[in-house]
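Below is one structure; the comments refer to it alone.
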Amino acid sequence: MKLDVNRKLLARSDRVKSTDIHPTEPWMLASLYNGHVHIWGYENQQLTKSFEVCDLPVRAAKFIPRKNWVVTGSDDMQIRVFNYNTLERVHQFEAHSDYIRSIAVHPTQPFVLTSSDDMMVKLWDWDNKWQLKQTFEGKHFIHYFHF
């Protein structure tokens with residue numbers, strides 16, 4: 001069987017670790033193993049924005065549209081928040097003691113959940129200077145969840 005594969009949205013030799021779709025803009029967010037984040041225009045199939053988060057894999061990234069933010073989690077255990085219009089880093093903090101695997105954004109409240117290979121899920125409140133509100137301890141790695 002011969003398949004004709006057409007590659008449209010490609011970041012050469014950089015593995016995609018997570019994706020997200022913006023709810024109102026025609027954008028797809030991709031976090032990469034090389035430490036970068038790309039925002040692709042899925043209508044024009046063009047790279048719209050690209051920025052370096054760190055020099056380690058960015059395993060999780062999500063849009064926070066009501067704040068014009070992208071929140072990222074990486075292998076250096078840091079959560080970083082960027083304004084996706086200016087690409088300015090808005091906030092950064094150490095969130096876990098191991099690789100950050102997943103991020104979820106609450107649809108109406110100012111809350112972000114993060115999970116890590118440290119077997120914890122943490123709830124953060126960005127309206128209160130990213131205060132840690134609650135920690136949920138598990139017995140195994142948590143790779144995905146959502147509100």
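The sequence shown begins at 1 in full-length UniProt numbering and counts up by one. Cβ atoms here follow ideal geometry from the backbone N, Cα and C, with glycine treated the same way.
The distance from the Cβ of P110 to that of D127 is about 4 Å, consistent with a contact at the 8 Å cut-off.
Bounds of the beta strand (DSSP E) holding S74 are 69-74. Taking the Cα positions, I79 is about 10 Å away from V58. Take V105, set aside five residues on each side of it, and the residues of its chain with a beta-carbon closer than 6 Å to its own are K62, I64, V112, in chain order. For D125, the uninterrupted beta strand (DSSP E) segment begins and ends at 120-125.
Per DSSP, reduced to three states, the secondary structure at N83 is strand.
In the DSSP assignment, R89 is bridged to F82.
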